[in-house]
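Participant:
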Amino acid sequence: MNFDRLKEKLEILADAAKYDVSCSSSGGTRKNKKGALGDSSISGICHTYTEDGRCVSLLKVLLTNHCIYDCAYCVSRSSNDIKRAAFTVEEVVDLTINFYRRNYIEGLFLSSGIFKNADTTMERLVRVAKKLRLEENFNGYIHLKSIPGASDELMQEAALYADRLSINLEIPTESGLKLLAPEKNRADMISPMRYIQNGISLYNDEKKIFRNVPKFAPAGQSTQMIVGATNENDLQIIKVADHFYKNFNLKRVYYSGYVPVLEDKRLPSLTTEVPMLRENRLYQSDWLMRFYGFKAEEILDPNIPFLDLEIDPKLSWALRNLNQFPINLQTADYRMILRIPGIGVKTAKKIVHARRFQVLNIDHLKKLGAAVNRAKYFIDFDAGNMYLRYLTDKNFRKLLIGGSSSKFQNQFSQQLTLF
Amino acid sequence: MITLLYDGSFDGLLTAVFEVFEYRYKDVEIFNRERFHQENIFAEIHEVITQNDKAERVLSKLEQNIGKSGINQLLKVFLSEDPESEQIILSAIKQSIQHPVENILQNYADNDILKISKICKSVDRERHRMTAFVRFEKMQDGVFFAKIDPDFNVIPLIRKHFKDRYQDQKWMIYDLRRNYGILYDLENCDFFYPDEKLNLDQYQQKFHEEEAQYQKLWQRYFTKTNIVERKNLKLHIQHVPRRYWKYLTEKS
Ligand code: SF4
């Protein structure tokens, strides 16, 4: 192994892959076989965090940053004058195994620029996964990027060896995609996703009948959208996400605030700030849809199609729906307790348990982990609650912002505890 | 006030709890013998001799009442080495005996139970971080060696995780502070208790020849995957508190 050359390639190809955020290792359950290497757990493990605060759980690299396409938002695009490199299949396998053995990573996230054509590229990605599984007996997590336009046969093979597959939509709207990635088309992106989705439902059916059906993309599919490279609004983004959750059974949609690194008339200027707070609000909305039982239509008002940057989307919903409050802690059902600002999933569950033992008051609530400074305005206790008089106050919103701002001011990342 | 002294093992503690009931002691405290310094010479001392059958009986009763997961929580309290852990565990077991039908560990409005839930949360977090932040280093003899120094005694809680994960390499995890560890030799995965602290002098000279190279690759990867435009050190430190940096190859 020529370590110097390997190091140089790793630097180039990790650097080029770093903007992709859809790389968590959660959702995989691949039990180790006796005497083999690796085991993936359902929740995933972050082995370290970058200085920008994002978790590192996988070796995330491109196979190559050579690309025949010229998407405006991408550092690897063909017209960008940068150093190019390509790993061999053996090199990626060696890095993955040796990083894994030292407990640096949960597995591999392998993406690639498109060289020659979709199938040549996809075939090479599949070869890495295949070698890891069959020759190295590796049971850690593997996420492969599906290449738009790849054939069904290759997608079939990819799904046998990888845990998760993804195609990044990148630009949420079709018109935006036309503008920034004129050579790509949405149909090419969607057809491999459709293939995998059908494969997964087929697998689920067969599993009910046969016990040893080979795993098929067991951690499902995900996608990523870049936010703020074109001028779509949040309602459009949330609707697209909702559509993919519902119709493609996606496991996760990731949102990536556009980092301006390229000079291009079609793009925001290089001095534009990364829209991190907006990105954070989108993740919060996403959580509301996936864990809090909110519908996409409830999160945003079509008249104001952007998320409120001052307050989180759950609080924002509460303020638009004051008639639903106060909520009685002793009697309300779990679904409504979840809607109280300042109460998260864990606290809501604890409340439902603890109230069987005694009548809860505001001190209990604090102990159970609620953000009482917000929650207190929305709750009715059996013994009454003096804060409820503010609920009808004209300046209620101001009062809330004053009492709950600092926590969110500087730290907006997808990986914060969100509510 | 009666003071029960036990040998510092979990079974010993459960034996002590058994004897609290057996002798119908009302006003008691339980201490690890090694950590106990007698201040009151009139204190009534009861020496507990660890008896597995007594510990078993407490365990099976508990399993009926609060289940395996409940026992697991009490074990975590024990491993937290919290100075109050014995008294809290005793309190929980007493409550569970009084209310055998309810899972008493869900009564979060009770102070002791709330403490249990808090301690479990901290211990779980430390356990989780140890599965993440352990860094193996390959030694000349091919063993992957990791040294740790966690705030809580989590080695018993991470053994299974590493055992399931690394079955085709020899490895060792060694707790510097508590001077013991786990060793996997391709067949067995057992605790080991060296008589003296392991000598880690000139440790790096015993590295396998390729070790330094992979460490370097990992460090470069760590640097290159960072997005400078999004730098947020506060968040970084929140996720990787400084006390863990000493474990991390990428931070050295
Ligand atoms: S096809 Fe992919 S790698 Fe190539 S320029 Fe477009 S986004 Fe970048």
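The listed protein sequences correspond, in order, to chains A and B.
Residues 82 to 500 (the working numbering) are what the first sequence spells out, left to right.
Residues 5 to 256 (the working numbering) are what the second sequence spells out, left to right.
Here a beta-carbon is modelled for each residue, glycine too, at the ideal position from N, C-alpha and C.
#1: To the nearest angstrom, how far is it from the Cα of Glu-187/A to the Cα of Tyr-181/A?
#2: List the whole-angstrom C-beta distance separating Lys-395/A from Leu-369/A, where the pair is believed to meet the contact cut-off of C-beta under 8 Å.
#3: Mapping the DSSP letters down to three states, classify Tyr-336/A as helix, strand or coil.
#4: Considering just the uninterrupted stretch of the beta strand (DSSP E) at Glu-213/B, what are its terminal residues?
#5: Does DSSP classify Cys-155/A as helix, strand or coil?
#6: For chain B, is any of its Cβ atoms less than 8 Å away from the one on Arg-504/A?
#7: By the three-class DSSP mapping on this structure, what secondary structure does Lys-228/B have?
#8: Just to make sure I have the definition right: I need the residues of chain B whose C-beta is within less than 7 Å of the C-beta of Gln-439/A. Which are they?
#9: According to DSSP, is Glu-217/A part of a helix, a strand, or is it coil?
#10: For the stretch 173-185 of chain B, enumerate the residues whose C-beta is nearer than 8 Å to any C-beta of chain A, in chain order.
#11: Just checking my contact of Val-156/A with Ala-95/A at CB under 8 Å: how many whole Å lie between their CB atoms?
#12: Please give the ranges of any beta strand (DSSP E) in the stretch 325-408 of chain A, keeping only runs that are unbroken, at least 3 residues long and fully inside the region.
#13: What does the alpha-carbon distance come out to for the pair Ser-272/A and Thr-352/A?
#14: Report the residue ranges of all alpha helix (DSSP H) runs contained in full by the stretch 238-268 of chain A; include only those spanning at least 4 residues, in chain order.
#15: Just checking: is the beta-carbon of Leu-239/B within a distance shorter than 8 Å of some beta-carbon in chain A?
#16: Between which two residues does the beta strand (DSSP E) carrying Ala-150/B extend?
#17: Please check the pair Gln-411/A and Leu-449/A, which I expect to be a contact at CB under 8 Å, by giving their CB distance rounded to whole angstroms.
#18: Who are the neighbours of Ala-95/A on chain B, taking C-beta pairs under 7 Å?
#19: Are any of the Cβ atoms in chain A nearer than 8 Å to that of Leu-254/B?
#20: Any chance the CB of Asp-151/A is under 7 Å from a heavy atom of the ligand SF4?
#21: So who's on the other strand from Asn-36/B, going by DSSP bridges?
#22: What are the partner residues of Val-142/A, as DSSP defines its beta bridges?
#23: Beta carbon of Gly-230/A: closer than 7 Å to some heavy atom of the ligand SF4?
#24: To the nearest angstrom, report how far apart Tyr-468/A and Tyr-458/A are at their CA atoms.
#25: Mind checking who Phe-1/B pairs with in its DSSP beta bridge?
#26: Determine, using beta carbons only, whether Gly-134/A and Asn-236/B come nearer to each other than 8 Å.
#27: Against Leu-91/A, what residues of chain B qualify as contacts under a CB-to-CB distance less than 9 Å, listed in chain order?
#28: Once you ignore the five residues that flank Tyr-326/A on each side, which residues in its own chain have a CB closer than 8 Å to its CB?
#29: Examine chain B for any beta-carbon lying closer than 8 Å to the beta-carbon of Ile-163/A, and answer yes or no.
#30: Give me the residue from Pro-253/A, Glu-264/A, Asp-315/A with the minimum Cα distance to Asp-151/A.
#31: Less than 8 Å between the CB atoms is what I'm expecting for Glu-51/B and Leu-9/B, so what's the real figure, rounded?
#32: Note down the Cα distance separating Lys-255/B from Glu-132/A, rounded to an integer number of angstroms.
#33: Residues of chain B with CB under 9 Å from Phe-190/A, in chain order?
#34: Please name the residue or residues paired with Trp-175/B in a DSSP beta bridge.
#35: Just verifying my parser: in three-state terms, what is the DSSP assignment at Thr-253/B?
#36: Is the stretch 138-151 of chain A in contact with the stretch 268-284 of chain A, if contact means three or more CB pairs nearer than 8 Å?
Facilitator: On the basis of the data shown:
#1: Spanning the two alpha carbons is a distance of roughly 7 Å.
#2: With 8 Å as the limit, Lys-395/A and Leu-369/A qualify as a contact, their Cβ atoms being about 6 Å apart.
#3: Looking at Tyr-336/A - three-state DSSP - the assignment turns out to be strand.
#4: The continuous stretches of beta strand (DSSP E) do not include Glu-213/B, and DSSP gives it neither H nor E.
#5: In the structure shown, Cys-155/A falls within a coil segment according to DSSP collapsed to helix, strand and coil.
#6: The shown model of chain A, from 82 to 500, leaves out residue 504/A, and the question about it has no answer.
#7: Under the three-state reduction of DSSP, Lys-228/B is assigned to helix.
#8: Per Cβ cutoff of 7 Å: Ala-113.
#9: In the structure shown, Glu-217/A sits in coil (DSSP, three-state: anything other than H, G, I, E or B).
#10: From the stretch 173-185 of chain B, only Gln-173 have a Cβ closer than 8 Å to chain A.
#11: About 12 Å; that fails the 8 Å criterion.
#12: Counting only runs of 3 or more, we get 333-338.
#13: Approximately 37 Å between the Cα atoms of the pair.
#14: Here the runs fully enclosed are 255-261.
#15: Leu-239/B counts as touching chain A.
#16: It spans 148-152 - the beta strand (DSSP E) in which Ala-150/B sits, taken as one unbroken run.
#17: No, Gln-411/A and Leu-449/A are not in contact; Cβ-Cβ is about 14 Å, not under 8 Å.
#18: Going along chain B in sequence order, the residues near Ala-95/A (Cβ under 7 Å) are Tyr-225, Lys-228, Thr-229.
#19: The question names Leu, but residue 254/B is Glu in the sequence shown. Yes, Glu-254/B counts as interfacial toward chain A.
#20: For Asp-151/A, the distance from the CB to the nearest heavy atom of the ligand SF4 is below 7 Å.
#21: According to DSSP, Asn-36/B bridges with Tyr-10/B.
#22: BP columns for Val-142/A point to Leu-191/A.
#23: Not a single heavy atom of the ligand SF4 lies less than 7 Å from the C-beta of Gly-230/A.
#24: For Tyr-468/A and Tyr-458/A, the distance between alpha carbons rounds to 5 Å.
#25: Outside the displayed range of chain B (5 to 256) lies residue 1/B, so it cannot be described from this structure.
#26: Yes, the pair counts as a contact, with Cβ atoms nearer than the cut-off.
#27: Simply Leu-221, Arg-224, Tyr-225, Lys-228.
#28: Closer than 8 Å at Cβ, skipping near neighbours: Val-334, Met-370, Arg-371.
#29: No, its Cβ sits nowhere closer than 8 Å to a Cβ of chain B.
#30: Here the closest residue by C-alpha is Glu-264/A.
#31: That belief holds up - the Cβ atoms of Glu-51/B and Leu-9/B are roughly 6 Å apart, short of 8 Å.
#32: Roughly 11 Å separates the two Cα atoms.
#33: Residues of chain B passing the Cβ test: none, with the nearest at roughly 11 Å.
#34: Beta-bridge pairing links Trp-175/B to Phe-148/B, Tyr-188/B.
#35: In the structure shown, Thr-253/B sits in a helix (DSSP, three-state: H, G or I).
#36: Judged by Cβ distances under 8 Å, the stretch 138-151 of chain A makes no contact with the stretch 268-284 of chain A, as fewer than three pairs qualify.
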